[in-house]
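A.B. asks: Residue numbers (my numbering): 51 to 182.
Have a look at this one before I ask anything.
Shown next, in the form of structure tokens:
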């Protein structure tokens, strides 16, 4: 049975808030920067990952139910539109998820929250594909 706590506790709160989001994004981009399996997606990014790290931190903070740090500055995310210039198929999605899953494992201690967030992020990553 669902309790009122289940309904009102955001994913942002469940995973530990801003500190966890910051660590998650940093570990994600560290993996993208170093894993040979991530070369395919690392090549799609600027040499300096500083700006995109900040953007993803703001986006994930808001997306998980935290403070609105993304839309007031950037407007509606329009994720597919923003990524349309990049060929994203299964290989790119899988490389992205490899980096994200490793980061989730390292930063989110609550197994149930980690699994729920993984499922949501995997759905988002799958939706971003724009080629077979």
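Every residue gets a Cβ at the ideal spot worked out from N, C-alpha and C, and that includes glycine.
With 16 other CB atoms within 10 Å as the buried threshold, where does residue 113 fall?
C.D. replies: The residue is buried, with at least 16 neighbouring Cβ atoms inside 10 Å.
A.B. asks: So what does DSSP say about residue 96, is it helix, strand or coil?
C.D. replies: Looking at residue 96 - three-state DSSP - the assignment turns out to be coil, as it is neither helix nor strand.
A.B. asks: Per DSSP, what kind of secondary structure is residue 86 in: helix, strand or coil?
C.D. replies: Looking at residue 86 - three-state DSSP - the assignment turns out to be helix.
A.B. asks: Helix or strand or just coil, what does DSSP make of residue 119?
C.D. replies: Note: residue 119 maps to coil in three-state DSSP.
A.B. asks: Need the endpoints of the alpha helix (DSSP H) that residue 152 sits in, please.
C.D. replies: Taken as a continuous stretch (DSSP letters only), the alpha helix (DSSP H) holding residue 152 covers 140 to 157.
A.B. asks: Express the C-alpha separation of residue 144 and residue 153 in angstroms, rounding to a whole number.
C.D. replies: Cα to Cα, the separation comes out at about 14 Å.
A.B. asks: Could you have a look at residue 189 and say whether DSSP puts it in helix, strand or coil?
C.D. replies: In this structure the chain extends from 51 to 182, so residue 189 is not present and cannot be described.
A.B. asks: For residue 60, which residues of its own chain have a beta-carbon under 8 Å away from its beta-carbon, when the five flanking residues on both sides are left out?
C.D. replies: Result list for residue 60: 114, 115, 116, in chain order.
A.B. asks: Using only CA atoms, which one of 68, 94, 99, 71 lies nearest to residue 80?
C.D. replies: Selected option, being the one with the closest Cα: 99.
A.B. asks: Would you report the Cα separation of residue 83 and residue 132, rounded to the nearest angstrom?
C.D. replies: Going from the Cα of residue 83 to the Cα of residue 132 covers about 21 Å.
A.B. asks: Going straight from the alpha carbon of residue 64 to that of residue 92, what length do you get?
C.D. replies: C-alpha separation (whole angstroms): 30 Å.
A.B. asks: Between the C-alpha atoms of residue 111 and residue 182, what's the straight-line distance to the nearest angstrom?
C.D. replies: Distance between the alpha carbons of residue 111 and residue 182: 30 Å.
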